[in-house]
Each structure stands twice: as C-alpha cells, then as structure tokens.
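Structure, as structure tokens:
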Amino acid sequence: MDFTSTDNLARLVGKKHELLAQLRDVGRRQLELIEAGDLTQLLRLLASKQRLLTGLHAVERQLDPFRRDDPERRPWRTGAERLRCAELAEACNALLADVVAGEKQSESRMRLRRDEAAVRLQGVHQATQARQAYFQPTGVHEPRQLDLSSGS
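Numbering-wise (my numbering), the sequence shown opens with residue 171 and increments by one.
Here it is, written out as structure tokens:
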C-alpha cells in the first residue's frame, strides 16, 4: 500500500496545528498590546500575524484534496497514526475556536479604545473652541482705556 498521501495529510495537519497555536499565542500578545496602548509594537505584531495567516491559508489549500476523500478509505501505516492525526485535527478545531474568540475580544477592546480616544479628542476640541472664543474679537468694540496719567 502507498501511505504517501496519509503521511502528507498527517504532516499538513501537524503544520496547521502549529500555525494555529502560534496564531493563538500572537492573539494573546495582541490583546496585551491593545490593553497597554502600545500601537508601535501592535503594528509589528500584526505584520508577523499576517505571515502566519498566509501560511495557514497555504496549508488549507494543500488540505483541500483530502476533503474530497472518504476518510474510511485512506490507508494508514497504523491505527495509532490515524488516531493521532484525528486527535490533532480535533485540536486544530479547538485552536481555531480560541483564535476566533481572541480576535473578537481584541476587536472589542480596540473599538473601546477608539471610542475612548474619540471622547478625549472631542473634549480637547471643545476646550480649544472655548479658549479661542475668549480670545477672538467678537465684533463688539472693546471699551477704550482712558489714560489718566498726568502729561505735564
């Protein structure tokens, strides 16, 4: 029997698991940076996250042919290898759920930080307008001061 395809399937599922674990860890770090308000580090982290997502997308494309196969007809070297691959695939599903939940939490925190920043900016804008109102000419003539000093 040719076990090449199932060996490849197991390798791809392992790679997918590895990438999802890294994405979960990056997502946790992302949330920490959002909480800390460290946008510089956050942008760097998001760039590395994009590379992980690109890698995951490539693995998913390589897994596509296996989705059309009947899992019961795949030849495995041993039952233990088949079980290990199935368990790893289930672990991938759990990791993906964690990644998605983390993304939703990060998105929510970013939205909250954005709204907080908008409120602060609005306050600064209003304070600036009030300050300018005191120092802008209003069109009403200011009373002139009378010089009462003795010029003699």
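Virtual Cβ for every residue (Gly too), placed ideally from N, Cα, C.
Look up D268 in the DSSP assignment and say whether it is helix, strand or coil. Residue numbering aside, residue 268 sits at position 98 when the sequence shown is read from its first letter. D268 falls in the helix class under three-state DSSP.
Cut-off 8 Å between Cβ atoms - residues of its own chain near Q211, not counting five sequence neighbours on either side: Residue numbering aside, residue 211 sits at position 41 when the sequence shown is read from its first letter. Cβ within range, chain order: L203.
Anticipated Cβ contact below 8 Å, P245 with D172, distance rounded: As a first step, residue 245 is located in the sequence shown; it is residue number 75 there, counting from the start. As a first step, residue 172 is located in the sequence shown; it is residue number 2 there, counting from the start. At roughly 7 Å, the Cβ-Cβ gap stays under 8 Å, so P245 and D172 are in contact.
Is E257 near K186, with beta carbons less than 9 Å apart? The count along the sequence shown starts at 1 and reaches residue 257 at position 87. The count along the sequence shown starts at 1 and reaches residue 186 at position 16. No; because the gap between Cβ atoms is not below 9 Å, this pair is not in contact.
Beta-carbon proximity list for R283, same chain, < 8 Å, skipping 5 on both sides: Start at 1 with the first residue of the sequence shown, and residue 283 comes out as number 113. For R283, where only same-chain residues beyond five positions count, the Cβ hits under 8 Å are I204 and G207.
Counting pairs of Cβ atoms below 8 Å between the segment 172–183 and the segment 235–250, do you hit three or more? yes
My assumption, with CB atoms under 8 Å, is that L190 sits in contact with L265. Please give the rounded CB distance. Numbered from 1 along the sequence shown, position 20 holds the residue referred to as residue 190. Numbered from 1 along the sequence shown, position 95 holds the residue referred to as residue 265. About 4 Å separates the two Cβ atoms, so the contact holds.
If you draw a straight line from the alpha carbon of E156 to that of G197, how long is it in whole angstroms? With the chain covering 171 to 322 only, the question about residue 156 has no answer from this structure.
Looking at the structure shown, is L305 part of a helix, part of a strand, or coil, going by DSSP? Position 135 of the sequence shown holds residue 305. Before going on, a small fix: residue 305 reads as Phe here, not Leu. If DSSP states are grouped into helix, strand and coil, F305 belongs with the helices.
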